[in-house]
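Q: The structure follows.
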Amino acid sequence: MKNIFSLICGLLFGAGLIISQMANPDKVLSFLDILGSWDPSLAFVMGGAVIVTLIAFPLILKRQKPLLDTQFHMPAKKVIDRALVLGAALFGIGWGLSGYCPGPGITQLGAGLVSGNWADPLMFVIGLFAGSLIYNKLNSTKS
Amino acid sequence: MTDFTPYSALIGGALIGLISAFLLFGLGRVLGISGFVHGLIARDSQFGWRASFLIGLLLAGVIAAFVTEVPYRIVTMPWVQVLAAGLLVGYGTKMGSGCTSGHGVCGLGRRSMRSVVAVCTFMATAIITVYLVRHVF
């Protein structure tokens, strides 16, 4: 049941990425190019999404438990540390280099498998998984 | 170089927010796509629903490409650049515990200070990166 629920969420989230054009890397790069030919459209994506979550999240979290689980699993960490800032900074550089963040990269790969434009998003998705693996490798020796 | 499309952006964005709320309502989890990717690699007890979500995300692209023309990259760049970008995104989101969905859409929605800091940081470095790539080099 959880898996079916999650699959449907993934499908609709992907639809949101395509409708909003968040999945279009050229659009993302135009949005980030504030000192060039700036296209502010994607500010409306973030705006539209955050208005909904700002209203809905507190209401949902008032409930005793979610529909399909015994408890809510919210991130507990509160401290703003070096890893948070450095990690976010590296992510931003990657986002700005390619115009892909994780969701759009994966949805664009799906579209590319049909249209033939799969090579570009595939490179990103390979990098995405490899980057995560490299982080694990470099940080498992420390602990 | 792209057209200003505020209405489709707002509608698509609202759908993204709605699904984030829906996942919290159903599974009690924050919708963070980079977190799902890292979770797949960890192969823990949460593998099933995370993999299902990512398959849904991929299938959304597949289905969309059958019914309509999904815009893809026209201004091409070397594949090495895209691969390097992927590595930075994979490494950075693991280190910083989130991306545009987890920190952006959900983190801001639950008023997390960590997410506010993360969003300001990645927006800044992304804008600087695009500036350097397009206008300096």
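Chains as they are written, first to last, in this note's numbering: chain V, 105 to 247; chain X, 9 to 145. Virtual Cβ for every residue (Gly too), placed ideally from N, Cα, C. These numbers come from a predicted model, not from an experiment.
Please classify HIS143 of chain X as buried or exposed, where buried requires at least 16 neighbouring CB atoms within 10 angstroms.
A: Counting Cβ neighbours within 10 Å, HIS143 of chain X comes out exposed, since fewer than 16 surround it.
Q: Counting only C-beta atoms, is SER53 of chain X closer than 8 Å to chain V at any point?
A: Output row for SER53 of chain X: interface = no.
Q: What residues of chain V sit near PHE30 of chain X, judged by a beta carbon separation below 7 Å?
A: Neighbours of PHE30 of chain X on chain V, chain order: CYS113.
Q: How long is the line joining the alpha carbons of GLY149 of chain X and VAL90 of chain X, rounded to whole angstroms?
A: This structure cannot settle anything about residue 149 of chain X, because the visible part of chain X is limited to 9 through 145.
Q: Can you check whether the CB of ALA73 of chain X is closer than 8 Å to the CB of ALA215 of chain V?
A: Against a cut-off of 8 Å, the Cβ pair of ALA73 of chain X and ALA215 of chain V comes out as a contact.
Q: So that I know if they touch, is there some Cβ in chain V lying closer than 8 Å to that of VAL144 of chain X?
A: Taking Cβ atoms only, chain V never reaches closer than 8 Å to VAL144 of chain X, which makes this a no.
Q: In chain order, what residues of the stretch 51–84 of chain X put their CB closer than 7 Å to some CB of chain V?
A: If the cut-off is 7 Å between Cβ atoms, the stretch 51–84 of chain X has GLY56, TRP57, SER60, PHE61, LEU62, ILE63, GLY64, LEU65, LEU66, LEU67, ALA68, GLY69, VAL70, ALA72, ALA73, PHE74, VAL78, PRO79, TYR80, ARG81, ILE82, VAL83 near chain V.
Q: Going by the DSSP bridge assignment, what does HIS177 of chain V pair with across the sheet?
A: Beta-bridge pairing links HIS177 of chain V to X:ARG37.
Q: What is the DSSP secondary structure of ASN113 of chain V, counted as helix, strand or coil?
A: In the sequence as presented, Asn is not what sits at residue 113 of chain V; that position holds Cys. Helix, per DSSP.
Q: Which residue wins for smallest C-alpha separation from ASN240 of chain V, given the options X:TYR139, X:ARG118, X:TYR99?
A: When each option's Cα is compared against that of ASN240 of chain V, the closest is X:TYR99.
Q: If we count the other Cβ atoms within 10 Å of its Cβ and call it buried at 16 or more, is MET103 of chain X buried or exposed?
A: Under this definition MET103 of chain X is a buried residue.
Q: Going by alpha carbons, who is nearest to LEU66 of chain X out of V:PRO179, V:LEU111, V:SER236, V:SER134?
A: Closest by alpha carbon: V:LEU111.
Q: Given a cut-off of 8 Å on the beta-carbon distance, is the pair LEU188 of chain V and ALA126 of chain X in contact?
A: Yes, the pair counts as a contact, with Cβ atoms nearer than the cut-off.
Q: Please check the pair PHE161 of chain V and CYS107 of chain X, which I expect to be a contact at CB under 8 Å, by giving their CB distance rounded to whole angstroms.
A: Not confirmed; about 18 Å, so no contact.
Q: Three or more beta-carbon pairs under 8 Å between the stretch 137–148 of chain V and the stretch 208–224 of chain V, yes or no?
A: The stretch 137–148 of chain V vs the stretch 208–224 of chain V: no contact.
Q: Any beta carbon from chain X within less than 8 Å of LYS241 of chain V's own beta carbon?
A: Not one chain X Cβ lies under 8 Å of LYS241 of chain V.
Q: As a quick exercise: from X:THR101, X:ILE136, X:GLY69, pick the residue whose alpha carbon is nearest that of LEU190 of chain V.
A: Minimum Cα distance to LEU190 of chain V is reached at X:THR101.
Q: When the Cα atoms are used, what is the spatial distance from THR157 of chain V to ILE19 of chain X?
A: Rounded to whole angstroms, THR157 of chain V to ILE19 of chain X spans 14 Å at the Cα level.
Q: Classify MET131 of chain X: buried if its beta carbon has 16 or more other beta carbons within 10 angstroms, exposed otherwise.
A: Buried.
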